[in-house]
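Structure, as structure tokens:
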Amino acid sequence: MALVDVSVARRGDRGRNQAKLADHVDRLGEEHPPIPLDSVDYTMNRPDVLAERFGPVLSYMSRVELEVERNVLELNLLLPDPPEVDRHFYADVWLPQETHHGIILDRLQVEAGLDAATPNVTDVSLKLKVLGALGRVSAVQDMSRMLYYLTGLATERSAVLAYNKLHAGLVELGERAVAATVVAPIRRQEPGHFAYYQFAARDLWPQLASWQRWLVRTLRRKTFGPVGVDTKQQKVEFGHTMKALGINTGDEADLRHYATQVGRVEHELLWAHRKGLRVPDYVFKALRSAAGAAADLKGDRRSATERGEP
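See below:
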């Protein structure tokens with residue numbers, strides 16, 4: 075009888091958590107509709123200086139924001155039968171918001187004299203198609219959901235940090251119109267996405283069996299990478315973005331601090347049982363690898379070993 079009571083209580087907790095999550099998504103949609111495209115002031119004092127300093131940032135971030143259209147196609151494959159709250163979040167709230175972010179950032183870079191973004195919005199990788207086919211098994215889909223939440227956590231935390239640095243940099247350049255009407259509205263919407271992934275991940279993780287947790291940890295460790303970095307060229311672009319934002323200063327301690335911020339919740343969920351580990355090492359290694367790729371292109375001919383890369 076006691077076991078039955080515990081099972082019923084757990085189902086009740088999950089039901090309440092899903093209701094709270096649904097309320098959060100509804101509030102996001104109501105309080106943070108897509109940024110009106112006609113609300114943006116693209117006035118720049120020195121577009122050439124802005125382009126020189128933040129060109130890599132605008133190029134990378136506009137592309138990634140616009141590629142959410144493909145991300146939704148991927149989610150539809152990976153999660154053939156998702157909880158309704160997930161589908162409502164990514165299709166009805168997240169997608170419209172992020173698409174407008176991408177359109178606005180792309181317009182800004184064109185106004186600054188840079189090339190328009192060329193996002194991949196249709197091509198889904200074979201490995202995701204295979205994983206999607208396996209996702210019809212509920213245990214596999216639960217792991218895919220967990221990986222989706224973890225990816226969302228790292229991505230949105232990175233976005234919040236990046237937009238904060240971009241806003242500060244634009245203000246420093248005296249580009250207050252762009253800072254106030256482009257970056258400030260975008261960065262206000264990102265924390266709500268992070269909160270969603272955090273709540274969903276903390277709710278799902280305890281429900282997974284030990285073998286599922288082991289496999290999630292293994293897959294995460296082997297496949298982690300910054301969002302939108304699928305090719306060598308994109309890795310270089312991300313490295314330039316970190317450099318332009320001051321995330322990569324050349325001091326490994328700064329990069330490790332950033333990795334700690336990005337991977338904090340993931341560490342708490344997946345790796346807290348390993349005492350002494352402050353951040354998943356694969357997060358730091360992925361960032362360091364991108365920084366190294368950009369350094370190579372800039373003419374830093376030290377070997378990867380000399381730069382401390384694996």
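Every letter in the sequence shown is one number past the one before it in my numbering, and letter 201, counting from 1, is 275. Ideal Cβ placement from N, Cα and C applies to all residues, glycine included.
Burial state of Gly209, where buried means 16 or more other Cβ atoms lie within 10 Å: buried
8 Å contact criterion, which Pro108 and Gln171 should meet: CB distance rounded: 5 Å
Outcome for Asn322 when other beta-carbon atoms lying within 10 angstroms are tallied against a minimum of 16: buried
Alpha helix (DSSP H) segment containing Thr315, residue limits: 306–319
Alpha-carbon spacing of Glu143 relative to Ala333, whole angstroms: 27 Å
DSSP three-state assignment for Leu282, whether helix, strand or coil: coil
Distance between beta carbons of Gly313 and Ala365, contact taken as under 8 Å: 5 Å
Element boundaries [alpha helix (DSSP H), containing Arg330]: 326–340
Minimum C-alpha distance to Val310 - residue among Glu105, Val131, Asp112, Asp155: Val131
Nearest to Arg262 (by Cα), restricted to the options Pro156, Gly324, Glu105, Gly187: Glu105
Span separating the alpha-carbon of Pro110 from that of Phe273: 28 Å
Three-way DSSP call (helix, strand, coil) for Val413 in this model: With the chain covering 75 to 384 only, the question about residue 413 has no answer from this structure.
Reduced DSSP category for His106 - H, G, I as helix; E, B as strand; rest coil: coil
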